[in-house]
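>
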Amino acid sequence: MSLLVIKDLKASVADKPILKGVTLTVETGSVHAIMGPNGSGKSTLAQVLAGNPAYEVTSGSVSYNGRDLLAMPPEERAQAGIFMAFQYPVEIPGVSNAYFLRAAYNEVRKARGEDEVDPLEFADLMDEKLELVDMDSSMLNRSVNTGFSGGEKKRNEILQMAVLEPKLGILDETDSGLDIDALRIVANGVNKLKRPNNATIVVTHYQRLLNYIVPDFVHVLVSGRIAKSGGKELALELEEKGYDWVTELAGASAS
Amino acid sequence: MVADAYAAAFDVISGDVGVPAAVRALRRAAFDRFSALGFPTPKNEDWHYTSVAPIADQEFALLASRTGDIGRDDLAPFSFGVGAGDWHTIVFVNGRFAPELSDLRKLPAGVEVTDLATAWSAPDVAERIGSLASHESHAFTALNAAFAQDGAVVRIARNVEVGRPIHLLFVTDAAAARAMMHPRNLIIVERHATATVIETYASATDSTYFTNAVTEVTLGDGSSLRHYKIQREASRAYHVGTIEVEQARDSHYVSFSLATGAELSRTNVYTTLDGEGSGATLNGLYMLDGEQHCDHQTQIIHAQPNTFSRELYKGILDGRSHGVFNGKVYVRPIAQKTDGKQTNNTLLLSDTAHVDTKPQLEIFADDVKCTHGATVGQIDQAALFYLKSRGIANALARRLLTYAFAADVLETIEVDAVREGLERTTLERFV
Numbered sequence: 002m003s004l005l006v007i008k009d010l011k012a013s014v015a016d017k018p019i020l021k022g023v024t025l026t027v028e029t030g031s032v033h034a035i036m037g038p039n040g041s042g043k044s045t046l047a048q049v050l051a052g053n054p055a056y057e058v059t060s061g062s063v064s065y066n067g068r069d070l071l072a073m074p075p076e077e078r079a080q081a082g083i084f085m086a087f088q089y090p091v092e093i094p095g096v097s098n099a100y101f102l103r104a105a106y107n108e109v110r111k112a113r114g115e116d117e118v119d120p121l122e123f124a125d126l127m128d129e130k131l132e133l134v135d136m137d138s139s140m141l142n143r144s145v146n147t148g149f150s151g152g153e154k155k156r157n158e159i160l161q162m163a164v165l166e167p168k169l170g171i172l173d174e175t176d177s178g179l180d181i182d183a184l185r186i187v188a189n190g191v192n193k194l195k196r197p198n199n200a201t202i203v204v205t206h207y208q209r210l211l212n213y214i215v216p217d218f219v220h221v222l223v224s225g226r227i228a229k230s231g232g233k234e235l236a237l238e239l240e241e242k243g244y245d246w247v248t249e250l251a252g253a254s255a256s
Numbered sequence: 050m051v052a053d054a055y056a057a058a059f060d061v062i063s064g065d066v067g068v069p070a071a072v073r074a075l076r077r078a079a080f081d082r083f084s085a086l087g088f089p090t091p092k093n094e095d096w097h098y099t100s101v102a103p104i105a106d107q108e109f110a111l112l113a114s115r116t117g118d119i120g121r122d123d124l125a126p127f128s129f130g131v132g133a134g135d136w137h138t139i140v141f142v143n144g145r146f147a148p149e150l151s152d153l154r155k156l157p158a159g160v161e162v163t164d165l166a167t168a169w170s171a172p173d174v175a176e177r178i179g180s181l182a183s184h185e186s187h188a189f190t191a192l193n194a195a196f197a198q199d200g201a202v203v204r205i206a207r208n209v210e211v212g213r214p215i216h217l218l219f220v221t222d223a224a225a226a227r228a229m230m231h232p233r234n235l236i237i238v239e240r241h242a243t244a245t246v247i248e249t250y251a252s253a254t255d256s257t258y259f260t261n262a263v264t265e266v267t268l269g270d271g272s273s274l275r276h277y278k279i280q281r282e283a284s285r286a287y288h289v290g291t292i293e294v295e296q297a298r299d300s301h302y303v304s305f306s307l308a309t310g311a312e313l314s315r316t317n318v319y320t321t322l323d324g325e326g327s328g329a330t331l332n333g334l335y336m337l338d339g340e341q342h343c344d345h346q347t348q349i350i351h352a353q354p355n356t357f358s359r360e361l362y363k364g365i366l367d368g369r370s371h372g373v374f375n376g377k378v379y380v381r382p383i384a385q386k387t388d389g390k391q392t393n394n395t396l397l398l399s400d401t402a403h404v405d406t407k408p409q410l411e412i413f414a415d416d417v418k419c420t421h422g423a424t425v426g427q428i429d430q431a432a433l434f435y436l437k438s439r440g441i442a443n444a445l446a447r448r449l450l451t452y453a454f455a456a457d458v459l460e461t462i463e464v465d466a467v468r469e470g471l472e473r474t475t476l477e478r479f480v
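So the protein lines, in turn, are chains A and B. In this text, residue positions in the first sequence follow my numbering: the first is 2, and each later residue adds one. In this text, residue positions in the second sequence follow my numbering: the first is 50, and each later residue adds one.
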């Protein structure tokens, strides 16, 4: 069934239009890659879906599991199973990763009508999840993302995703700035979280990540619109021909 | 007239002949000085941002005898979860020593904790009162010296290391309504001794009353004192507290001032680094809401070479509250190689909270390292969105970020029970 239905979505940042009519449907069990040149609106789409208040939706609709997503505050979206892995994870000195993860986990459980877990039960769960992203338990005692390397921050995002088990995971340029080893770990984590009843949107500038997370569909975003959609071979074609090729295509179709 | 009320109260207390002559003489001199000084006005530079009119315009009664009806259970909220016998505790109810609530049975050899009304019969105790905290220029210190009836005297003999904290717990109940209390404490840490003293002002009532405390601290050569002042007075109370410290060679004074209570409060922490190699660490956290006004003034005098000071004060202000921080650091000409750092950070949780921060460095030596900085900010929107995007509700996310702001200063508290207790207080303060 359709998990996410985006229709003619338009959004602005500081009164500057970025998304100029995006239409996209995501079925459960599928992986969609959103590619595009810098400034095309890829990250804006991810932020809008997560509910970042810095982005203003000016028109269009987004239906998630039959609900009006745009009417939901960010915490409700997360509780309903949407997870965005940040391109730039935020450092929060003074809040331990363990406390943060458990608070998030319990909030999501509460929303599902499940009992909260205590620190001991949570520690058992973490042992299993940490392994998935090849992280040491010592990072649980550190402040959220504070002083983490780029790779550690991205792994921490996937760790959170593993803990919260979202229905819709959105990876916002999770690959940028990662070396190949970190990329493999992150991609491996994402692949292990794949279920028939969830879906993933991978936002990326490079084709490289898609060698590890193989998409069912690839969409190329140019100037706030999807200029071209296709299968995984489209990513390879883009890698070879560059974004100018689709930019020209988009220009030709617009004129 | 309020002045007449103080004069009448002084007539009563000065007639108390059971008090040593030295104390009676001090009371007289201090009251005369207070009468001449009057309450400070905002024209006084030290009180520029804090009007004490709410205190000056009201009459507060002096409680002539022991009052109050406080049981051990009433003290639990202020005991940091420690069980009976874990700490050495001296309790004062409505300003007077409460032996039945105190627990001083396990004091180790070389440690004395007594109530001032008993201790001041000893000439060396009577002489020490006012030796550091002068009533000459400070009206509230003069008022305290004129009306002090009780307090704690703590003395740690040389080379003694006291492991368990000593808790001076001042608590009020309904009998303190419209009354004033002037606790006077002396802490003497002799050569190479170490101790932890927690000084709590708290209330089991929501009455209006006035606490005006003075604590004098003497640190001998190579001694160290951790001194945590916890001000959680009733929400309509007034609190003025002054701590004056004199430090000898190689001594270390570590102060933490927590202020969450009272409608109007002022805490002064003054220390003089009067011995080479001595140092002071002054930290603090104040959390305010509603119409609360809280003022901290610190003063560090680097009077000898190779002395150091570290200062971190944080304020969290909600509602229409007003926070004031004035940190003074003086470096005397002789105090070369002084190493000083002062920071004051404020988090504003509302658009109507107000902060005045005034760092003041006066340096008269030429080979020193002194810095100061102040920041004022609001909840970081990026961090707030990050937490919410993980399913954490707005209210909890704001509380977590508020706690996070205070976390680094709370981490400096070395007594686990106090640190954990204050961490909880911080998480729960702005619900």
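Built from N, CA and C at the ideal position, the CB exists for glycine as well.
Do the stretch 8-19 of chain A and the stretch 55-75 of chain A touch if we need at least three Cβ pairs shorter than 8 Å?
yes
> Which residues in the same chain have their Cβ closer than 7 Å to the Cβ of D429(B), if we skip the five residues on either side of it in sequence?
What you label residue 429(B) is simply residue 380 of the second sequence in a count that begins at 1. For D429(B), where only same-chain residues beyond five positions count, the Cβ hits under 7 Å are L450.
> Can at least three beta-carbon pairs, one atom from the stretch 215-233 of chain B and one from the stretch 123-143 of chain B, be found at a separation below 8 Å?
Judged by Cβ distances under 8 Å, the stretch 215-233 of chain B makes contact with the stretch 123-143 of chain B, as three or more pairs qualify.
> Ignoring anything shorter than 4 residues or poking outside the stretch 398-445 of chain B, list the alpha helix (DSSP H) runs there in chain order.
430-437
> Which of the three DSSP states is assigned to Y89(A) in this structure?
Against the first sequence, residue 89(A) aligns to sequence position 88. In this structure, Y89(A) counts as coil in the three-state DSSP scheme.
> Would a C-beta distance cut-off of 9 Å place S306(B) and V294(B) closer than the cut-off?
As a working mapping, residue 306(B) is identified with position 257 in the second sequence. As a working mapping, residue 294(B) is identified with position 245 in the second sequence. No; because the gap between Cβ atoms is not below 9 Å, this pair is not in contact.
> By alpha-carbon positions, which one of L476(B), S438(B) and R227(B) ends up nearest to T309(B)?
Counting from 1 along the second sequence, the entry for residue 309(B) is found at position 260. If we check each option's Cα against that of T309(B), L476(B) comes out closest.
> If E282(B) sits next to A182(B), beta carbons under 8 Å apart, how far is it from one beta carbon to the other, in whole angstroms?
If you number the second sequence from 1, residue 282(B) lands on position 233. If you number the second sequence from 1, residue 182(B) lands on position 133. For a cut-off of 8 Å, the C-beta gap from E282(B) to A182(B) is around 20 Å, too long to register as a contact.
> With the cut-off set at 9 Å, would you say R285(B) and I237(B) are in Cβ contact?
Residue numbering aside, residue 285(B) sits at position 236 when the second sequence is read from its first letter. Residue numbering aside, residue 237(B) sits at position 188 when the second sequence is read from its first letter. Between R285(B) and I237(B), the gap from beta carbon to beta carbon reaches 9 Å or more.
> I'd like to know if N93(B) contacts chain A, where contact means its C-beta is closer than 9 Å to some C-beta of that chain.
Position 44 of the second sequence, counting from 1, holds the residue named residue 93(B). So, not an interface residue.
> With distances taken Cα to Cα, identify the nearest neighbour of D465(B) among A56(B), D135(B), I441(B) and D81(B).
On the second sequence, residue 465(B) is found 416 positions in, with the first residue counted as 1. For D465(B), the nearest C-alpha among the options comes from D135(B).
> Along the chain, where does the alpha helix (DSSP H) containing E129(A) start, and where does it finish?
Position 128 of the first sequence, counted from the start, is the residue given in the question as residue 129(A). Here the alpha helix (DSSP H) through E129(A) covers P120 to L133.
> Which residues, in order along the stretch 186-211 of chain A, keep a beta-carbon less than 9 Å from a beta-carbon of chain B?
none
> Counting only runs of 3+ residues fully inside the stretch 287-344 of chain B, write out the beta strand (DSSP E) ranges in chain order.
287-296, 301-308, 313-322 and 328-337
> Using only the alpha-carbon positions, how far apart do T116(B) and E248(B) sit?
The residue labelled residue 116(B) in the question sits at position 67 within the second sequence. The residue labelled residue 248(B) in the question sits at position 199 within the second sequence. Taking the straight line joining both Cα atoms gives about 21 Å.
> Do we get a CB-CB distance below 9 Å when we pair K407(B) with the residues of chain A?
As a position in the second sequence, residue 407(B) is number 358, starting the count at 1. No, because no Cβ of chain A sits closer than 9 Å to the Cβ of K407(B).
> Buried or exposed: S256(A), going by 16 or more other Cβ atoms within 10 Å of its Cβ?
By one-based count along the first sequence, residue 256(A) stands at place 255. Summary for S256(A): the model assigns pLDDT 42, below 50, so the residue's position carries little reliability; its value from the coordinates is reported in the next sentence. By the 10 Å Cβ count, S256(A) comes out exposed.
> What residues in the stretch 36-58 of chain A bring their beta carbon closer than 8 Å to a beta carbon of chain B?
If the cut-off is 8 Å between Cβ atoms, the stretch 36-58 of chain A has A51, G52, N53, P54 and A55 near chain B.
> In the stretch 166-188 of chain A, which residues sit with their C-beta less than 8 Å from some C-beta in chain B, listed in chain order?
none
> For chain A, check one thing: does any of its Cβ atoms lie closer than 9 Å to the Cβ of R439(B)?
Your numbering for residue 439(B) matches position 390 in the second sequence. Under the 9 Å criterion on CB atoms, R439(B) is classed as interfacial with respect to chain A.
> Go to V373(B), then tell me how far its beta strand (DSSP E) extends in each direction, as first and last residue.
The residue you call residue 373(B) lines up with position 324 of the second sequence. That run of the beta strand (DSSP E) goes H371 to V380.
> Is the CB-CB distance between L46(A) and T29(A) below 9 Å?
Position 45 of the first sequence, counted from the first residue, corresponds to residue 46(A). Position 28 of the first sequence, counted from the first residue, corresponds to residue 29(A). No, they are not a contact pair.
> Does the distance from the C-beta atom of L210(A) to that of T248(A) stay below 9 Å?
Position 209 of the first sequence, counting from 1, holds the residue named residue 210(A). Position 247 of the first sequence, counting from 1, holds the residue named residue 248(A). No; because the gap between Cβ atoms is not below 9 Å, this pair is not in contact.
> Please list, in chain order, the chain B residues whose beta carbon lies closer than 8 Å to that of Q88(A).
Here residue 88(A) is taken as the residue at index 87 of the first sequence, counted from 1. Going along chain B, no residue has its Cβ under 8 Å from Q88(A), so there is no contact; the nearest lies around 12 Å.
> Could you tell me which uninterrupted alpha helix (DSSP H) segments, each at least 4 residues in length, are contained entirely in the stretch 185-247 of chain A, listed from first to last along the chain?
234-242
> Hey, would you say R298(B) sits closer than 9 Å to A79(A), going by beta carbons?
As a first step, residue 298(B) is located in the second sequence; it is residue number 249 there, counting from the start. As a first step, residue 79(A) is located in the first sequence; it is residue number 78 there, counting from the start. Contact flag unset, no.
> Provide the residue(s) that pair with F141(B) in DSSP beta bridges, ordered along the chain.
Here residue 141(B) refers to the residue found at position 92 of the second sequence. F146(B) and F219(B), per the DSSP bridge assignment.
> What residues in its chain sit with their C-beta under 6 Å from that of F146(B), if we drop five residues either side in the sequence?
On the second sequence, position 97 is the one that residue 146(B) refers to. Answer for F146(B): D164 and D199, listed in chain order.
> Looking at the secondary structure, which residues open and close the alpha helix (DSSP H) in which D60(B) lies?
Start at 1 with the first residue of the second sequence, and residue 60(B) comes out as number 11. Taken as a continuous stretch (DSSP letters only), the alpha helix (DSSP H) holding D60(B) covers V51 to S63.
> For a contact meaning CB atoms closer than 7 Å, what does N443(B) contact in chain A?
Indexing the second sequence from 1 puts residue 443(B) at position 394. Under the 7 Å cutoff, chain A gives E76.
> With distances taken between CB atoms, is the gap from L361(B) to V458(B) smaller than 9 Å?
Residue 361(B) sits at position 312 when you count from the first residue of the second sequence. Residue 458(B) sits at position 409 when you count from the first residue of the second sequence. Contact: yes.
> Tell me which residues share the same chain as L10(A) and place their Cβ nearer than 6 Å to its Cβ, disregarding the 5 neighbours each side in the sequence.
On the first sequence, position 9 is the one that residue 10(A) refers to. For L10(A), where only same-chain residues beyond five positions count, the Cβ hits under 6 Å are L20, V23 and G61.
> Report the rounded CA-to-CA distance for R226(A) versus T461(B), giving the unit in angstroms.
Translated into positions along the first sequence, residue 226(A) becomes position 225. Translated into positions along the second sequence, residue 461(B) becomes position 412. Looking at the two C-alpha atoms, the distance is approximately 53 Å.
> How about F305(B): is its C-beta nearer than 9 Å to some C-beta of chain A?
In the second sequence, counting from the first residue as 1, residue 305(B) sits at position 256. Cβ-Cβ to chain A under 9 Å: no for F305(B).
> Would S230(A) pass as a contact of V219(A) if the rule is Cβ separation under 9 Å?
Here residue 230(A) is taken as the residue at index 229 of the first sequence, counted from 1. Here residue 219(A) is taken as the residue at index 218 of the first sequence, counted from 1. In this structure, V219(A) lies closer than 9 Å to S230(A) by Cβ.
> So within the stretch 221-294 of chain B, which uninterrupted beta strand (DSSP E) runs reach at least 3 residues, ignoring any that extend past its ends?
228-230, 233-238, 243-252, 259-268 and 273-281
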